[in-house]
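To start, the structure under review is shown below, and the notes come after it.
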Amino acid sequence: MNNSRVVYQIHAPEEFRGGHSAARRLDFEQLRRLFELTAFWGRDRSIEQLQIAVRNSEPVVSAHIGDRLIGFARATSDGVYRATIWDVIVHPDFQGAGIGRKLVETVLSHPHVSHAERVYLMTTHQQRFYEKVGFSVNPTTTMVLFNQELPVSCQTPDLSAERSPIAEVVELPQTP
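Numbering (our numbering), first residue to last: 1 to 176.
Encoded structure:
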């Protein structure tokens, strides 16, 4: 890696929901290209899919040199019991320089993740790297459901639009 300074940014959730001016917005075209280059499991992700995944994640962390995106990681969490780290990727030219470790440590230190009782990691590769960060193999968490593509009529609507807090009030019959 050259002597350029790596800047890490924790993106605010509002950045992906509109109305927020982040110090550096996440460039989804660069993110898509980074997935194509580094992640055999994520090469076919579209910009739209990445935007949905990122919008529903917190924290979202990126690493840059200048305007160039060189690393990315995200997590989802209920903030108390469980959190899961997803999509830790580093450009091949910068792997082995500690960027992946810093991305994971930044995600782990975020309150949505650090307060969770257990943090899961979905990976079948790079286990030694994650063991060095503190993860251990968990042979009891092995189940998965592969959802099929839903028909358009069943897909979740765009959650970025404003919604009323109560969709419908239903009165239940009183029991004696």
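For every residue, glycine included, the Cβ atom is placed at its ideal position computed from N, Cα and C.
Bounds of any beta strand (DSSP E) do not take in S4, whose DSSP letter is neither H nor E.
T38 counts as buried, since no fewer than 16 other beta carbons sit within 10 angstroms of its beta carbon. Around I89, the same chain offers L34, F35, T38, A39, G71, F72 as residues with beta carbons nearer than 7 angstroms, after the five sequence neighbours per side are excluded.
The beta carbon of S77 is closer than 6 angstroms to those of A83, H112, V113, A116 in its chain, skipping five residues each way along the sequence. Nearest C-alpha to T123 among W41, Q9, E15, A63: W41. With 16 or more other CB atoms across the displayed protein chains lying within 10 angstroms of its CB, L103 is buried. Bounds of the alpha helix (DSSP H) holding T38 are 28-38. Taking a 10 Å sphere around the C-beta of P92, we find fewer than 16 other C-beta atoms and assign the residue as exposed. Contact between A63 and V6 holds, with the beta-carbon distance rounding to 5 angstroms and staying under 8 angstroms. As the crow flies, the alpha-carbon of Q126 is around 22 angstroms from that of S57. A53 sits away from R43, with the two beta carbons spaced by 9 angstroms or more.
It is roughly 35 angstroms from the alpha-carbon of R68 to the alpha-carbon of N138.
By the criterion of a C-beta distance shorter than 6 angstroms, E29 is surrounded by no residue of its chain, once the five residues flanking it on both sides are discounted.
Burial check for V60: the Cβ neighbour count within 10 Å reaches 16 or more, so the residue is buried. The DSSP assignment places complete beta strand (DSSP E) segments of no fewer than 3 residues inside the segment 85-133 at 118-121, in order along the chain. Taking E48 as the centre and dropping the five residues before and after it, the same chain places no C-beta closer than 7 angstroms to its C-beta.
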